[in-house]
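Residue numbering for the sequence shown follows the working numbering, starting at 1048 and increasing by one per position.
We put the beta carbon where it would ideally sit given N, CA and C, even for glycine.
What follows is a single structure, written as structure tokens, with notes after it.
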Amino acid sequence: MATAPGTTAAAPAMTTAAALTSTYRRLIALCDALDSRIAPPGPAPQGGISGADLTQDDEALHAFVDAEAVRIRERHGCTPRRDVAASRVLHGYLWSVSLLMSGPWFMERRVPRVHPDDVRLDLATGAFEIVPGSDFACLPDDPAAGLPGARVTGHAEALRAELRAAVVDHVRPLLAAIGPQLRRGPRALWGMALDDLASGIWHLGRVLDQEDRALRAATELLPHSIPPFPGGADFRRLAGRDGEEYPTRTRLGCCLYYKLDSAQACLTCPRTCDTERIRRLETKA
1048 MATAPGTTAA APAMTTAAAL TSTYRRLIAL CDALDSRIAP PGPAPQGGIS
1098 GADLTQDDEA LHAFVDAEAV RIRERHGCTP RRDVAASRVL HGYLWSVSLL
1148 MSGPWFMERR VPRVHPDDVR LDLATGAFEI VPGSDFACLP DDPAAGLPGA
1198 RVTGHAEALR AELRAAVVDH VRPLLAAIGP QLRRGPRALW GMALDDLASG
1248 IWHLGRVLDQ EDRALRAATE LLPHSIPPFP GGADFRRLAG RDGEEYPTRT
1298 RLGCCLYYKL DSAQACLTCP RTCDTERIRR LETKA
């Protein structure tokens, strides 16, 4: 119907999906390490798989790991063991999908439920696509609290519990499916999930120049072992030779990067001693 002369067309009503789309665009623009795009609803494009496929289709899961092995050969010039390729690709998935939930929480105090069907993967590149959902949890004072699909929680700790539950519900079936290829038990696998949840928040805080706030937020989210997570964020500070303090933590799981580059284990790897951490941090600074 045409708009009557002298009147202004009403703006489209905001929806939870539109609100999440706006948040994801900002998050993706901020985090170069988050190789993700926003996708419309519908099946995964040809050559891609969904997060649900990884838990329901053995061929898709094997293709997921095989594609990572190819990328490792191209980047590092070596053929990885199966468990190494599986660890590396699981680490990338956990870090990305956790940040797609923790990022909106850190930036806007909204927790989306990212369902496995909402995630699509490009096997050739490893890139993610995210289909914004139609619901999120938020606090009572959120301007979007009245939108259909917004689930209001009573306080900040309840919202943190929503985030922990959202991550657990998403990754639990994937850990069960891929675990045998990693040759590690549940504690080590959930340690990886904990590490990637905490490190994603830490990374976003650094990008936003809000590192101290991010450390506090991750510690409040993961103050200690809350099953199935086997520990807490456990950030600590190292004193450099010039008196500068550097935040760090020691991973509970292992992404096996040192199997690809033994001279450059991860900065938070249990294999990297504090002296080496300070040396590398001061060199980078």
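{"Query": "Taking the CB atoms as reference points, tell me whether PHE1111 and LEU1074 lie closer together than 8 Å.", "Result": "no"}
{"Query": "Relative to the alpha-carbon of LEU1081, which residue among GLY1173, MET1061, GLY1193, ARG1156 has its alpha-carbon at the smallest distance?", "Result": "GLY1173"}
{"Query": "Pick helix, strand or coil for THR1295, following the three-state DSSP scheme.", "Result": "strand"}
{"Query": "Roughly how many whole angstroms lie between the Cα atoms of LEU1108 and GLY1247?", "Result": "24 Å"}
{"Query": "When DSSP labels each residue in this structure, what does ASP1182 get in the three-state scheme?", "Result": "coil"}
{"Query": "Quick one: which unbroken beta strand (DSSP E) runs of 3-plus residues sit fully inside the region 1103–1180? Chain order, please.", "Result": "1157–1159, 1166–1169, 1175–1177"}
{"Query": "To the nearest angstrom, report how far apart GLN1093 and ASP1188 are at their CA atoms.", "Result": "42 Å"}
{"Query": "Measuring only the C-alpha atoms, how far is VAL1117 from GLY1252?", "Result": "32 Å"}
{"Query": "What is the DSSP secondary structure of LEU1341, counted as helix, strand or coil?", "Result": "The first residue shown for the chain is 1048 and the last is 1332, placing residue 1341 beyond what the model contains."}
{"Query": "Looking at VAL1158: is its Cβ nearer than 8 Å to the Cβ of PHE1175?", "Result": "no"}
{"Query": "Which residue marks the beginning of the alpha helix (DSSP H) containing ARG1324, and which one marks its end?", "Result": "1321–1331"}
{"Query": "Taking DSSP as the reference, what is the three-state secondary structure of ALA1197?", "Result": "strand"}
{"Query": "With respect to the beta strand (DSSP E) encompassing GLY1095, which residues constitute its N-terminal and C-terminal limits?", "Result": "1095–1097"}
{"Query": "Can you find the residues in the same chain that come closer than 7 Å, C-beta to C-beta, to ARG1324, ignoring five residues on each side of it along the sequence?", "Result": "LEU1285, THR1295, LEU1314"}
{"Query": "Is there contact here, the region 1230–1249 with the region 1257–1268, by at least three beta-carbon pairs under 8 Å?", "Result": "yes"}
{"Query": "By DSSP, does PRO1274 sit in helix, in strand, or in coil?", "Result": "coil"}
{"Query": "Determine the direct distance from the alpha carbon of ARG1122 to that of ALA1203, and round the result to whole angstroms.", "Result": "42 Å"}
{"Query": "Could you compute how far the alpha carbon of ASP1130 sits from the alpha carbon of ARG1318?", "Result": "19 Å"}
{"Query": "What is the rounded straight-line gap between the Cα of ASP1105 and the Cα of ILE1225?", "Result": "9 Å"}
{"Query": "Please work out which residues of its chain come closer than 8 Å, Cβ to Cβ, to VAL1254, disregarding the five sequence neighbours upstream and downstream, and give them in chain order.", "Result": "LEU1077, CYS1078"}
{"Query": "Going by the DSSP bridge assignment, what does SER1083 pair with across the sheet?", "Result": "PHE1175"}
{"Query": "From the DSSP output, in three-state form, read off ALA1057 for me.", "Result": "Legend: pLDDT at ALA1057 = 38, less than 50; position of this residue unreliable, no value from coordinates given."}
{"Query": "With DSSP collapsed to three states, give me the class of PRO1233.", "Result": "helix"}
{"Query": "With DSSP run on the structure shown, which of helix, strand or coil describes THR1050?", "Result": "Confidence is the limiting factor: at THR1050 the pLDDT is only 44, short of 50, which leaves the residue's position unreliable, though a coordinate-based value still follows. Here THR1050 sits in coil by DSSP."}
{"Query": "Tell me which residues share the same chain as THR1055 and place their Cβ nearer than 6 Å to its Cβ, disregarding the 5 neighbours each side in the sequence.", "Result": "With a pLDDT of 43 at THR1055, under the threshold of 50, the modelled position of that residue is not reliable, and the figure given next carries that caveat. The answer is none, since no qualifying residue turns up."}
{"Query": "Suppose the cutoff is 8 Å on Cβ atoms and the five residues either side in sequence are ignored; what does the same chain contact list for MET1048 look like?", "Result": "Here the model assigns MET1048 a pLDDT of 39, short of 50, so the residue's position is not dependable, and the following value carries that caveat. Contacts found: none."}
{"Query": "Applying the criterion that 16 or more other CB atoms from any shown protein chain within 10 Å of the CB defines a buried residue, is ALA1213 buried or exposed?", "Result": "buried"}
{"Query": "For PRO1227, name the three-state secondary structure that DSSP assigns.", "Result": "helix"}
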